[in-house]
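Numbering (my numbering), first residue to last: 329 to 405.
In this text, a Cβ means the ideal position worked out from N, Cα and C, and glycines have one as well.
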């Protein structure tokens, strides 16, 4: 089984990407700042990784055992 990391999981695009990867049989790791925001994706995320895309120190080990990285992260400021 392929393992995918999705960054930007709780955003508009990321939400649909996670669901589609899961539907295709992927194991899904979601990068999120808070697990509270993953509530509506509970059945589609195999593992939550708590971190901040703009803080490299918080991402240590995020790609361990991952085959594919998909990012839909973006900042709205």
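Bounding residues of the alpha helix (DSSP H) (the contiguous stretch that carries residue i)
i, result
"residue 397", "No alpha helix (DSSP H) contains residue 397, which is instead part of the beta strand (DSSP E) from 396-399."
"residue 345", "340-351"
Burial state of residue i, where buried means 16 or more other Cβ atoms lie within 10 Å
i, result
"residue 370", "exposed"
"residue 337", "buried"
"residue 360", "buried"
"residue 372", "buried"
"residue 397", "exposed"
"residue 358", "buried"
Local conformation of residue i per DSSP, three classes
i, result
"residue 360", "strand"
"residue 334", "strand"
Reference residue i; option with closest CA among the options
i, options, result
"residue 450", "367, 355 and 363", "The requested residue 450 does not occur in the structure, where the chain is confined to residues 329 to 405."
"residue 329", "345, 350, 402 and 381", "350"
"residue 368", "355, 346, 387 and 377", "346"
Whether residue i touches residue j by CB criterion (8 Å)
i, j, result
"residue 353", "residue 400", "no"
"residue 342", "residue 334", "yes"
"residue 356", "residue 383", "no"
Start-to-end residues for the beta strand (DSSP E) that takes in residue i
i, result
"residue 378", "375-378"
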